[in-house]
Structure formats: C-alpha cells, structure tokens
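> Quick one: the structure is below, questions incoming.
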Amino acid sequence: MFPSSPLFEVISTPFKRAQLGLFHGKMKRSGNNVPFSKQKTRRTWMPNIHSKRLFSDSLQEFVQLKVTARALRTVKKHGGLDNYLLKTKPDLLGWEGMRLRILVREKQAEGVSAVQEVVQEAAPAAAS
C-alpha cells in the first residue's frame, strides 16, 4: 500500500527504547571503567535523550517525541521534521519514525490530490 510499509516490518534494533523516538541510530553502548588500579568494572553509556515537541508542517501540529541531540541536529539540517522523516533511511528512524513518515506521506498525498482537483476545476473555466 505504502512504499514504506515493507520497511516498517524489517526494522529491528536491539535497543528497544530507540524504537519509541527519533534516535537517529544512536544506541546504548557498553564498556569498562578502568581506574588506576586497573580493576575493570562493566558499565553502559546511554544516548543523550531529550523530550521535545517538534512541529510538522504536513500534519499542522506539534509532535511530542523523545529525540537524541544528534537527531535534533539532523532535523535542523534537513529543514524540519517532515523533510527529516522523508529523507532519512528507515533503519535510522525506528518504529515511531516510520509511523510518522507514513502519516506525513498520507497528508502530503491528500494535499496533492486536493490541489489537482482545484486545477482541474479551474482549467475548464479558463478554457471557456
């Protein structure tokens, strides 16, 4: 139905929390704390996550998301949430990003079809 639908099922990231926001591929990392005594202690590093409201031009509303600092920089670079969702690879978006991408594509398709209807209605009027 949608070009993104098959990709939506393929997405798999071991870090489940990354699927519920825009993490742009950032995941939990693990390693060791190594002090002067060389006694290694296992630890994890979490991504730099912020809860943000980002405005979607297509949806005409704010979307509450958990976003990493890297994803925020990329959203700004692409010129907004909608462009980020449409231009980014599916494996970097996760479940929530793919869900939003499908919503944005649907809204944009509705807008294009509405514009085409207006143009078709105006064309016969201009011809006569």
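Counting from -12, one number per residue, gives the positions in the sequence shown under the numbering used here.
Built from N, CA and C at the ideal position, the CB exists for glycine as well.
Helix, strand or coil for M(-12) per DSSP?
Reliability of the predicted coordinates at M(-12) is poor, the pLDDT of 45 falling under 50, and the value obtained from them is presented with this limitation in mind. Coil at M(-12), not helix or strand.
> Just confirm the distance between the C-beta atoms of K39 and L59, as a whole number of angstroms; I'd bet it's less than 8 Å.
7 Å
> How far does the beta strand (DSSP E) with K39 in it reach, from first residue to last?
36 to 43
> Spell out the partners DSSP gives E48 in its beta bridges.
S43
> Is it the case that the region 74 to 83 contacts the region 17 to 27, given that we only count it when at least three CB pairs across the two stretches are under 8 Å?
no
> Specify the secondary structure class of T75 as computed by DSSP and reduced to three states.
Coil.
> Of all the options F23, N20, P34, which has the alpha carbon lying nearest to the alpha carbon of K3?
P34
> Could you give the first and the last residue of the continuous beta strand (DSSP E) run that contains R60?
Looking at the DSSP string, R60 is not in any beta strand (DSSP E); the run it does join, the alpha helix (DSSP H), is 56 to 65.
> Could you name the residues that DSSP lists as bridge partners for W32?
R16
> Starting from the C-beta of L87, find all residues in its chain whose C-beta is less than 6 Å away, skip the five residues before and the five after it, and write them out in chain order.
L72
> Ordered along the chain, which non-local residues of its own chain (more than five positions away) have a Cβ less than 6 Å from that of N20?
The residues are T28, R30.
> Compute the Euclidean distance between the alpha carbons of A56 and A96, then round it to the nearest angstrom.
A56 and A96 have their C-alpha atoms some 30 Å from each other.
> Please report the straight-line C-alpha distance between K94 and L9, rounded to a whole angstrom.
20 Å
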